[in-house]
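Numbering (this note's numbering), first residue to last: 1240 to 1555.
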Ligand code: CP
Ligand code: NVA
């Protein structure tokens, strides 16, 4: 069965890139979550036998690397590690050459890098789908897994409120954009100076229209009050190691802890993309408490990315 049969909204994704949460429509995003849920439950099967995914990761990764590798294996395909350290990428071979050569060998590329522009450059030169496996601007694969986890907890996503407590970073950006597509209200709470990118905020609000709201607030309790999901991420992302001490000072009072969890909807779930620093952006109690779905969320990377690969590669 083609990935698109039974999921007609996915047909147009075959051969396409996934560089941003905005590369799928609202309908396609919802269909990806449905396919992910069906794959997870064993209600459907996809075959990507003989297909190969290249991984070019310029930053560390546990979840994304392993979940893409296992996702391809479960679909009958394989992955090839093309990290800069083991390929000519690390010795400066131009993106234009690398992308065109790899397009002759593999069926898709998942790329983790710093600048979104570099990812776009790969997509420009490659003739195969390019997937954003995290840039400084976005982490769209993460957002798919996150909303799958929220959907599992509440059934229906539209009308729910996700409160993101912390740095207005790549993870926050994709949560805002993907949330806007799915009709989820997203409240980002952060200290002054650590807001999400103004362009992403505007784009999210445009996508949300009157369906849901995308807000930025500067007071922790106001962010989480009545929310259905409480989400946080590290205060210093990869590449911001030099700012760690300054950020820890600026984010003092912004730990997602049990007191904040108590202000949310009683059914609220706690999420974190991981890796986490207990005692900084999240308390050990919030992380290990009964509301935490953090490890289900990590598992869902596998299911969400199987659905994404099936759609982009047109699995049968
Ligand atoms: N959440 C996430 O992307 O984790 P990794 O950095 O381990 O891939
Ligand atoms: N914001 C974090 C996410 C890690 C998965 C980073 O970019 O380092």
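All C-beta atoms, glycine included, are put in the ideal place defined by N, C-alpha and C.
If you measure from the beta carbon of residue 1512 to each beta carbon in chain C, is any gap under 7 Å?
In the displayed structure, chain C is absent; only one protein chain is listed.
If you measure between the beta carbons of residue 1322 and residue 1376, is that distance less than 7 Å?
It is not a contact, given that the beta carbons lie outside the stated cut-off.
CB residue 1414 to CB residue 1404, shorter than 7 Å?
no
Can we say the segment 1507-1521 touches the segment 1491-1499, given the rule of at least three CB pairs closer than 8 Å?
yes
Under the assumption that residue 1545 contacts residue 1310 (Cβ atoms under 8 Å), give the Cβ distance between them as a whole number of angstroms.
Between residue 1545 and residue 1310 the beta-carbon gap is near 4 Å, inside 8 Å, which marks them as a contact.
What does a CB cutoff of less than 6 Å around residue 1477 pick up in its chain, not counting 5 residues either side in sequence?
1298
Nearest to residue 1428 by alpha carbon, out of 1469, 1251, 1389 and 1336?
1469
Over the uninterrupted beta strand (DSSP E) stretch that includes residue 1470, give me the two end residues.
Its beta strand (DSSP E) spans residues 1468-1471.
With respect to 6 Å, is the separation between the Cβ of residue 1337 and the closest non-hydrogen atom of ligand 1 below this value?
no
Spell out the partners DSSP gives residue 1371 in its beta bridges.
1350
Considering only the alpha carbon of each residue, which of 1498, 1554, 1433 and 1541 lies closest to residue 1301?
1541
Who are the Cβ neighbours of residue 1422 in its own chain at under 7 Å, not counting the five residues just before and after it?
Answer for residue 1422: 1396, 1397, 1398, 1450 and 1451, listed in chain order.
Can you give the Cα-Cα distance for residue 1538 and residue 1532, rounded to whole angstroms?
One C-alpha to the other measures close to 10 Å.
Is it right to say residue 1386 is buried, meaning 16 or more other beta carbons lie within 10 angstroms of its own, or is it exposed?
buried
Taking all protein chains shown into account, decide if residue 1534 is buried (16 or more other Cβ within 10 angstroms of its Cβ) or exposed.
exposed
Where does residue 1453 sit, in a helix, a strand or coil, going by DSSP?
strand
So what does DSSP say about residue 1285, is it helix, strand or coil?
coil
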